[in-house]
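Undergrad:
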Ligand SMILES: CC(C)(COP(=O)(O)OP(=O)(O)OC[C@H]1O[C@@H](n2cnc3c(N)ncnc32)[C@H](O)[C@@H]1OP(=O)(O)O)[C@@H](O)C(=O)NCCC(=O)NCCS
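In our numbering, the protein residues as written are 1 to 190.
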């Protein structure tokens, strides 16, 4: 069995001929399971100054409305997201891609999966809070169609930092001729 660091070095971007390295073909998104925790924790610690503990993940995932998903390539977890289901929206609580495989489209694939879930269940929006200083994440979510809608003052207990509330709004379903066509289009990527 390879060590986790060797396993990460196996992750390679898949560059399609004449295209940017988007939606790497070998990556797939699936439910997070208990066995993923060591690799999820590795990405978590490498990504955040104020990282969640394993207990934080488990406590969260025990809630009935809380979902964990991972992006996996060659049996290695490349990224993950934790989100809550609400009646009209999905709320992202945690989201990260391993530093060794960023800017390869993995984060975009996770968002595409979220949008697929949003549209296929006719919910209205995806929400999340991003630290004011986390410019990379703000740029990333903007590139995925999210907009900052509110400044949340002193949002984080750990540092007192402010956050931006960012939102992705679903299309107006009543204006779509056939909402299933949209779901089918997104499903190509997830
Ligand atoms: C934010 C994060 C999830 C992005 O994941 P990723 O897999 O690198 O994202 P993608 O490769 O799909 O990027 C898609 C686009 O987002 C934008 N983007 C991503 N990272 C960016 C950065 N560091 N700076 C500017 N734009 C960025 C770019 O437009 C990029 O397209 P391009 O590579 O063609 O320029 C990743 O950087 C990460 O895990 N950061 C640490 C954890 C974190 O901040 N999580 C969010 C908490 S709210």
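Think of the CB as a built atom: it goes at the ideal place given N, C-alpha and C, for glycine as much as any other residue. Note that the structure is predicted; figures quoted are calculated from it, not measured.
Would residue 80 and residue 43 be called neighbours here (beta carbons separated by less than 8 Å)?
TA: Taking 8 Å as the Cβ cut-off, residue 80 and residue 43 qualify as a contacting pair.
Undergrad: Quick check on residue 95: does DSSP put it in helix, strand or coil?
TA: Three-state result, residue 95: strand.
Undergrad: Of the choices 61, 72, 38, 144, whose alpha-carbon is the least far from that of residue 29?
TA: Of the candidates 61, 72, 38, 144, the one whose C-alpha sits nearest the C-alpha of residue 29 is 72.
Undergrad: For residue 170, which beta-bridge partners are listed by DSSP?
TA: Answer is none; residue 170 lacks a bridge partner.
Undergrad: For residue 28, list the residues DSSP reports as bridge partners.
TA: Answer by DSSP bridge pairing, in chain order: 72.
Undergrad: Mapping the DSSP letters down to three states, classify residue 116 as helix, strand or coil.
TA: In the structure shown, residue 116 sits in a helix (DSSP, three-state: H, G or I).
Undergrad: Any chance the CB of residue 80 is under 7 Å from a heavy atom of ligand 1?
TA: Answer for residue 80: no, Cβ out of range of ligand 1.
Undergrad: Closest to residue 74 by CA distance: which of 51, 50, 27 is it?
TA: The shortest C-alpha separation from residue 74 is found at 27.
Undergrad: Distance, Cα to Cα, residue 175 vs residue 50?
TA: Each residue's Cα considered, the two are about 42 Å apart.
Undergrad: Quick one: grab the DSSP three-state call for residue 135.
TA: Three-state DSSP puts residue 135 in a helix.
Undergrad: Express the C-alpha separation of residue 33 and residue 76 in angstroms, rounding to a whole number.
TA: Spanning the two alpha carbons is a distance of roughly 13 Å.
Undergrad: Please name the residue in 145, 132, 46, 90 whose C-alpha comes closest to that of residue 126.
TA: Among 145, 132, 46, 90, the Cα nearest to that of residue 126 is on 90.
Undergrad: How many angstroms separate the CA atom of residue 38 from the CA atom of residue 53?
TA: Looking at the two C-alpha atoms, the distance is approximately 11 Å.
Undergrad: Here's a check: name, in chain order, each residue in its chain whose Cβ is nearer than 8 Å to the Cβ of residue 152, leaving out the five neighbours to either side.
TA: Hits under 8 Å: 129, 162, 163, 164, 165.
Undergrad: Give the C-beta separation of residue 107 and residue 140 to the nearest angstrom, bearing in mind that I take them to be a contact with Cβ-Cβ under 8 Å.
TA: Between residue 140 and residue 107 the Cβ distance is about 6 Å, and since that is below 8 Å, they are a contact.
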